[in-house]
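*Asks:* Would you mind keeping the following structure in view while I ask a few things?
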Amino acid sequence: MSHDFEPLLAFLERLPAIKLPAGRKSIGAGSYDSGNWWVKFSLNTEHPLAWRHVQELGHVLNLLSIEERLPTVFKPVSPPPYMNGGVQFLSWVIESTSSEFTPALCAQWLEGRLPRPVSDLELWKTDDDE
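Below is the structure:
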């Protein structure tokens with residue numbers, strides 16, 4: 013099964029803290045034989061919004077609702093820190109757990125629940141930031 017990753021990649025590349033040293037090529041994407049898919053990217057962990065992105069993505073993709081969870085998993089991945097130096101090699105993966113939940117649907121869920129537009133730094137502010 014082939015998936016159209018364009019909507020999800022376009023969304024992710026607008027996150028203020030995403031790390032794109034090679035442009036969009038910095039975001040990996042692919043499919044498993046089962047039809048499930050994955051997207052892998054890095055965040056600039058020194059950006060003031062990096063951990064807020066982790067929190068928001070984790071909330072929507074892992075636990076939006078106890079009764080009706082999305083068929084996705086958002087998690088960190090890393091080689092052993094003693095081999096490659098820890099934080100600079102930390103990446104994040106979004107994986108689907110159902111082949112029917114497409115990257116485009118994932119993008120729609122994220123766009124509907126994260127700040128709009130996602131690239132607007134002012135919209136990421138919370139009461140704690142003021």
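Residue numbers (this note's numbering): 13 to 142.
Cβ coordinates follow ideal geometry from the N, Cα and C atoms, glycine included.
Keep in mind the model is a prediction, meaning the values are calculated, not measured.
1) Mind checking who A34 pairs with in its DSSP beta bridge?
2) Alpha carbon to alpha carbon, what distance is there between D140 and P115?
3) Distance check for F86 and S143, CA to CA, integer angstroms please.
4) Taking all protein chains shown into account, do 16 or more other C-beta atoms lie within 10 angstroms of the C-beta of E68, making it buried, or fewer, making it exposed?
5) Can you check DSSP and say which residues form a bridge with S103?
6) Say whether the region 44 to 51 touches the region 71 to 81, bearing in mind that this needs 3 or more beta-carbon pairs closer than 8 Å, one atom from each stretch.
7) How long is the line joining the alpha carbons of L133 and P93, rounded to whole angstroms?
8) Return the first residue and the last residue of the beta strand (DSSP E) that W50 is part of.
9) Measuring CA to CA, which of E107, A34, P129 and L102 is closest to N56?
10) Applying the criterion that 16 or more other CB atoms from any shown protein chain within 10 Å of the CB defines a buried residue, is S54 buried or exposed?
11) So which of P60, R36 and S43 has the shortest CA-CA distance to T109?
12) Measure from the alpha carbon of W63 to the alpha carbon of each residue in A29, L135, S111 and E25, then state which is nearest.
*Replies:* This is what the structure holds:
1) One-based indexing of the sequence shown puts residue 34 at position 22. Note: A34 sits in a beta bridge opposite R36.
2) Here residue 115 refers to the residue found at position 103 when the sequence shown is read from its first residue. Here residue 140 refers to the residue found at position 128 when the sequence shown is read from its first residue. If I take the Cα positions, the gap works out to 32 Å.
3) Nothing can be reported for residue 143: it is not among the residues displayed for the chain, which extend from 13 to 142.
4) Residue numbering aside, residue 68 sits at position 56 when the sequence shown is read from its first letter. Result: buried.
5) Locating residue 103 in the sequence shown gives position 91, counting from the first residue. BP columns for S103 point to V89.
6) no
7) Your numbering for residue 133 matches position 121 in the sequence shown. Your numbering for residue 93 matches position 81 in the sequence shown. Cα to Cα, the separation comes out at about 31 Å.
8) Taking the first residue of the sequence shown as 1, we reach residue 50 at position 38. First-last of the beta strand (DSSP E) with W50: W49 to L55.
9) Taking the sequence shown and counting its residues from 1, the one referred to as residue 56 is at position 44. With distances taken between Cα atoms, N56 lies closest to L102.
10) Counting from one through the sequence shown, the residue named residue 54 turns up at place 42. Flag for S54 reads buried.
11) Taking the first residue of the sequence shown as 1, we reach residue 109 at position 97. Closest by alpha carbon: S43.
12) Position 51 of the sequence shown, counting from 1, holds the residue named residue 63. For W63, the nearest C-alpha among the options comes from A29.
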